[in-house]
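Some notes on the structure that comes next.
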Amino acid sequence: MTSDAAPTRQFHLGLTMSGAISAGAYTAGVFDFLIQALDEWERAKQGGIPDLDPAALPDHFLGIKVISGASAGAITGAIGAVALADEGRTPRLFPKGGVQCWLPKLYEAWVEKVQLCADAAGEVDFLSTGDLDGAWPKPDEDYFASSKIRQEQDKKGPPAMSLLNSRLLDAIAHDALKVAAVRAPRAYLSENLHLYFTLTNLRGVPYRLAFTGGDYHMLSHGDRAHFIVTGLGGWRTQSVFCDGDLGAGLAAAWLAPPPPPAPPASDAQIAAAVADAAAKRDAWKDFTICALASAAFPVGLSARHVFATTADYGVDAQGRFRRYPDETLADTPIIEPNWAAKGDFPFMTADGGTIDNDPFEYARFGVKADLKPRNDPDPASADRAVIMISPFAEPKPPLAQGMPAPDVVSVFRRLMPSLIDQARFKPGELALALKPDHASRYLIAPSRIEIARDAAGDRMLDETGREKELDARYAIASGLLGGFGGFVAREFRDHDFQLGRRNCQRFLQTYFALPGVNPLIAASSDAAKRAFKALALPQTEAAPHAATKAARVCLIPLVGSAKEEVAAPQWPRISQNAFDRLRPRIARRYDKTTTALIEANITNFVQYWAFRLLATSFPLIGAKRLALDFADAAILSDLIRRDQIEGFADVPCLVETKDGATRVVLDRDRMRAILAAVVHPSNQPRSASMVLNDLKGDPAFVYQSVKDALDRLTQPDCAGRRYALMRAPWRAWEEELYALAARPPRLGIVNAYRTVRQKILDGLAARFPGARARREESGAAP
91 MTSDAAPTRQ FHLGLTMSGA ISAGAYTAGV FDFLIQALDE WERAKQGGIP
141 DLDPAALPDH FLGIKVISGA SAGAITGAIG AVALADEGRT PRLFPKGGVQ
191 CWLPKLYEAW VEKVQLCADA AGEVDFLSTG DLDGAWPKPD EDYFASSKIR
241 QEQDKKGPPA MSLLNSRLLD AIAHDALKVA AVRAPRAYLS ENLHLYFTLT
291 NLRGVPYRLA FTGGDYHMLS HGDRAHFIVT GLGGWRTQSV FCDGDLGAGL
341 AAAWLAPPPP PAPPASDAQI AAAVADAAAK RDAWKDFTIC ALASAAFPVG
391 LSARHVFATT ADYGVDAQGR FRRYPDETLA DTPIIEPNWA AKGDFPFMTA
441 DGGTIDNDPF EYARFGVKAD LKPRNDPDPA SADRAVIMIS PFAEPKPPLA
491 QGMPAPDVVS VFRRLMPSLI DQARFKPGEL ALALKPDHAS RYLIAPSRIE
541 IARDAAGDRM LDETGREKEL DARYAIASGL LGGFGGFVAR EFRDHDFQLG
591 RRNCQRFLQT YFALPGVNPL IAASSDAAKR AFKALALPQT EAAPHAATKA
641 ARVCLIPLVG SAKEEVAAPQ WPRISQNAFD RLRPRIARRY DKTTTALIEA
691 NITNFVQYWA FRLLATSFPL IGAKRLALDF ADAAILSDLI RRDQIEGFAD
741 VPCLVETKDG ATRVVLDRDR MRAILAAVVH PSNQPRSASM VLNDLKGDPA
791 FVYQSVKDAL DRLTQPDCAG RRYALMRAPW RAWEEELYAL AARPPRLGIV
841 NAYRTVRQKI LDGLAARFPG ARARREESGA AP
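The sequence shown: position 134 = 224 (this note's numbering), numbered continuously.
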């Protein structure tokens with residue numbers, strides 16, 4: 091279907107997908123259901139759904155013309171584009187019915203394959219060490235550099251490029267590009283589908299501005315890749331911004347292997363056909379490399395080498411030029427870069443989300459009818475919008491007062507997280523997206539509902555007798571470890587993928603709708619308006635706009651399989667055994683990575699072995715134990731805090747009974763937060779003061795409540811439970827110390843001395859109580 095058959099009442103849609111690390115599984119789930127809903131709507135238009143008359147559908151057209159993404163969003167956009175072209179992959183169903191995934195390539199990439207610790211031995215995962223064995227990857231499996239960049243391969247083998255094995259991502263990209271046959275174009279996709287991936291250009295593009303009195307020089311590191319994919323869609327439409335922007339063309343047909351030259355074919359014809367097919371494969375490979383480059387999380391994942399030329403930053407023969415999504419810059423070329431010499435300009439990249447984690451503006455400008463005015467936000471007349479998919483919706487408290495410490499190391503450690511947080515802070519886009527009466531921008535973010543429970547763990551009922559629901563404190567399972575935690579377990583990523591599908595369904599049913607007075611909706615029959623009426627907005631989000639108060643009709647009507655409710659996934663938890671598998675795998679990866687880094691950077695024999703012994707060999711004072719303890723504690727602490735490891739779901743609340751009434755002082759979430767604070771990289775027991783210092787910001791935590799909670803978890807009814815605490819046999823500054831009973835503190839020489847010293851002090855205090863009282867009154871340290 092092309093625009094020849096599409097109604098003139100068209101709604102132009104752009105998608106933007108934020109950087110999210112492992113939470114990209116949620117973004118993939120949202121995109122997966124969105125395509126399912128559009129496919130089913132298109133099938134209904136063609137009369138393919140029994141008992142549904144196409145004439146009973148809303149009489150408007152909706153099409154996607156631009157997709158922008160950063161980091162994990164870029165990978166989702168890239169794999170999603172390939173999945174849209176793949177004829178051979180059909181939706182997967184759950185064994186008991188219902189759609190598991192509509193685009194299997196997305197599910198495989200984000201749920202099944204991207205993992206820290208593979209289930210089967212020998213499989214490539216983030217902790218395997220195949221990238222450090224000294225062998226260069228095969229050319230067709232190497233996704234480090236664009237096809238036009240010649241790589242020099244040192245005989246010593248490739249260097250250590252990242253803390254994690256990034257060849258896992260190469261393998262996922264390689265498998266994703268395997269397409270046996272390309273399907274017919276989808277009617278709701280633009281004939282020229284524009285995709286933008288943000289990049290951090292580590293080389294930098296030089297600029298010079300001439301001022302009266304001198305020149306101002308600067309480097310720009312915020313970059314992007316623009317691709318125009320044809321053959322995915324049949325919607326004939328234009329984009330003033332995207333069509334006039336420099337970009338690389340790709341055809342969906344290039345994904346499938348071409349037929350061999352028809353006989354009789356000369357050797358020259360065969361060679362030309364082989365070269366042409368290789369060039370087309372390389373074009374799609376370069377496309378995926380740019381997506382991987384956008385996801386090159388600093389240090390954790392490998393940087394990528396992207397090919398460009400100085401002409402890519404100028405004006406071409408057709409008058410296209412590099413456009414910037416800004417009202418004052420979009421319609422004219424800005425100053426030309428201050429190149430020392432023109433020609434090839436390959437550059438190394440880092441995570442595109444470091445500078446632009448929410449490339450909303452590329453999608454917004456892509457759908458604009460004109461470059462100058464903003465898209466119409468009025469629900470009564472809006473005809474274009476951008477949907478932003480942003481997986482990180484959980485509150486992120488500021489650091490505690492006095493943090494970070496003023497020393498150089500502490501400040502430096504906080505610098506990169508601060509830059510990433512700032513890249514995600516775009517109040518202009520987000521504030522408008524959250525307005526229910528603003529119809530040109532929308533936001534899909536994780537939302538999970540759970541049943542409220544009382545102190546005894548029983549389900550609570552509301553005044554009508556129904557189970558009382560509330561927003562869960564933690565929405566996505568991949569949110570732990572700053573977004574890396576989804577790689578710990580497939581269960582986490584599967585949960586987020588299915589939650590993304592469910593949230594997208596609710597979004598289309600509730601929020602993505604226009605009132606009947608809008609010209610796009612007005613022409614539809616009254617029966618269609620009633621049949622596809624949007625659900626009522628939550629009371630807290632009721633819109634003040636008069637047009638929005640009227641009955642609203644879904645912009646994407648849910649029909650066929652998209653109408654079946656997507657089940658809410660169960661909150662996932664891993665077993666203790668699954669957690670215990672991580673440490674030896676991390677240790678092996680640590681040894682190989684550290685050794686490779688030392689060999690590559692230290693040539694002095696004495697220094698080499700000194701660093702080698704300290705980093706990998708000494709079990710008690712070496713850096714290896716410190717690193718492993720830190721990783722072990724960081725992972726376990728977050729798993730406990732977020733109730734994502736078995737054995738902590740039923741931790742008791744801290745309750746208080748007064749005047750015959752019982753109230754909850756600390757609920758289960760807060761009790762788990764206290765347990766998480768007890769787990770510390772030092773593997774030493776913690777006092778109430780230490781725990782409280784880690785929990786600043788929540789007024790429910792005061793010294794007494796924390797101390798009472800720690801004591802509660804040492805009671806006999808907790809014995810044998812994973813959340814049970816033990817008291818250490820020594821104290822610190824007269825405070826009792828606590829540790830998980832399942833993770834007792836190491837005894838060692840120091841702790842043995844502390845234990846003996848404490849017993850002596852306790853014995854003296856018992857024998858001479860007056861001396862101890864006088865000592866405490868004098869303010870002397872114990």
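For each residue, glycine too, the CB sits at the ideal point set by N, CA and C.
As the structure is a computational prediction, the values presented were derived from the model and not from experiment.
MET308: buried (16+ other C-beta within 10 angstroms of its C-beta) or exposed?
Of the residues assessed, MET308 falls on the exposed side of the cut-off, its CB having fewer than 16 other CB atoms within 10 angstroms.
Where the beta strand (DSSP E) through SER310 begins and ends:
Residue range 304-320 is occupied by the beta strand (DSSP E) that includes SER310.
Within 10 angstroms of its Cβ, does LEU299 collect 16 or more other Cβ (buried), or is it exposed?
By the beta-carbon neighbour count (other beta carbons within 10 angstroms, threshold 16), LEU299 is exposed.
Whose C-alpha, out of THR180, SER237, GLU426, LEU830, is nearest the C-alpha of ALA369?
Out of THR180, SER237, GLU426, LEU830, SER237 has the C-alpha closest to the C-alpha of ALA369.
Under 6 Å Cβ to Cβ from PRO348, same chain only, skipping five residues before and after it: list those, please.
Counting only Cβ-Cβ distances below 6 Å, and skipping sequence neighbours, we find ALA367.
Is the number of C-beta pairs between the stretch 394-404 and the stretch 178-195 that are closer than 8 Å three or more?
Cβ pair count under 8 Å is below three, so no.
Going by DSSP in three states, MET91 sits in which element: helix, strand or coil?
Any reading at MET91 must be qualified, since the residue scores a pLDDT of 43, below 50, and its modelled position is unreliable; no value is offered.
The beta strand (DSSP E) enclosing GLU826, as first and last residue numbers:
If you look at GLU826, you'll find it in the beta strand (DSSP E) that goes 825-830.
Quickly, what does DSSP pair ASP291 with across the bridge? List them, please.
Reading the sequence as shown, one finds Asn at residue 291 and not Asp. DSSP, once it has assigned bridges, lists THR439 as partnering ASN291.
Measuring alpha carbon to alpha carbon, tell me which of GLY334, LEU815, ALA814 ends up nearest ARG413.
When the alpha-carbon of ARG413 is set against those of GLY334, LEU815, ALA814, the nearest one is in GLY334.
Mapping the DSSP letters down to three states, classify VAL269 as helix, strand or coil.
For VAL269, the secondary structure class from DSSP, reduced to helix, strand or coil, is coil.
Please classify MET251: does DSSP put it in a helix, a strand, or coil?
DSSP places MET251 in coil when its eight states are reduced to three.
Can you tell me where the alpha helix (DSSP H) holding PRO194 begins and where it ends?
First-last of the alpha helix (DSSP H) with PRO194: 194-197.
Cα separation between ASP722 and ARG812?
Each residue's alpha carbon lies about 16 Å from the other.
Presumed contact (8 Å Cβ cut-off) between LEU800 and PHE791, rounded CB distance
Between PHE791 and LEU800 the Cβ distance is about 12 Å, and since that is not below 8 Å, they are no contact.
Quick one: what's ASN282 bridged to in DSSP?
Looking at the DSSP assignment, ASN282 forms a beta bridge with THR320.
In the DSSP assignment, find the unbroken beta strand (DSSP E) run with PHE151 in it and report its ends.
Looking at the DSSP string, the run of the beta strand (DSSP E) that includes PHE151 is 151-159.
Neighbourhood of ASN291 by C-beta distance below 6 Å, restricted to the same chain and skipping five residues each side:
Excluding residues within five positions, the ones whose Cβ falls inside 6 Å are HIS311, ASP313, PHE437.
For a quick check, are the C-beta atoms of ASP221 and PRO248 less than 8 Å apart?
The beta carbons of ASP221 and PRO248 sit closer together than 8 Å.
Closest to ALA162 by C-alpha separation, out of LEU827, ALA393, ALA386, would be which residue?
Among LEU827, ALA393, ALA386, the Cα nearest to that of ALA162 is on ALA386.
Could you check whether ALA160 and PRO423 sit closer than 8 Å to each other, using their CB atoms as the reference points?
With contacts defined by Cβ atoms closer than 8 Å, PRO423 and ALA160 do not form a contacting pair.
How far does the alpha helix (DSSP H) with CYS594 in it extend, from its first residue to its last?
Run containing CYS594: 580-600, per the alpha helix (DSSP H) assignment.
Say whether the stretch 353-366 touches the stretch 133-150, bearing in mind that this needs 3 or more beta-carbon pairs closer than 8 Å, one atom from each stretch.
Touching, no, given that fewer than three Cβ pairs across the two stretches are closer than 8 Å.
Can you name the residues that DSSP bridges to GLN100?
According to DSSP, which records beta bridges pairwise, GLN100 is partnered with PHE151.
Given a cut-off of 8 Å on the beta-carbon distance, is the pair ALA118 and TRP226 in contact?
For the 8 Å CB-CB criterion, ALA118 and TRP226 do not form a contact.
Other residues of its chain near VAL457: CB distance less than 8 Å, five sequence neighbours each side excluded:
Excluding its 5 nearest sequence neighbours in each direction, VAL457 has C-beta neighbours in its own chain below 8 Å: HIS102, LEU103, GLY104, LYS155, VAL156, SER329, ASN465, ARG474, ALA475, VAL476, listed in chain order.
Residues bridged to TRP325 (per DSSP)
SER280.
Rounding to the nearest angstrom, what Cα-Cα distance links PRO148 and GLY324 in this structure?
Cα to Cα, PRO148 sits roughly 20 Å from GLY324.
For GLN136, which three-state DSSP category applies?
Three-state DSSP puts GLN136 in coil, outside helix and strand.
Quick check on this structure: which residue in GLY442, ASN694, PRO647, THR684 has the alpha carbon closest to the alpha carbon of PRO144?
Answer by Cα proximity: PRO647.
May I ask which residues mark the beginning and end of the alpha helix (DSSP H) holding GLU654?
Premise fails: GLU654 is in no alpha helix (DSSP H) and is neither H nor E.
Using 8 Å as the Cβ pair cut-off and three pairs as the minimum, do the stretch 282-297 and the stretch 438-446 touch?
Because the criterion of three Cβ pairs below 8 Å is met, the stretch 282-297 and the stretch 438-446 touch.
Do ASP733 and ARG762 have their CB atoms nearer than 8 Å?
In this structure, ARG762 lies closer than 8 Å to ASP733 by Cβ.
Applying the 10 Å Cβ sphere with the 16-neighbour rule, what's the burial state of ALA636?
Note that ALA636 scores 49 on pLDDT, short of 50, meaning its location in the model is unreliable and no value can be drawn from it.
For GLN927 and ALA652, what's the separation of their Cα atoms in angstroms?
There is simply no residue 927 to check, as the chain begins at 91 and stops at 872 in what is shown.
PRO229 by DSSP, collapsed to three states: which one?
Helix.
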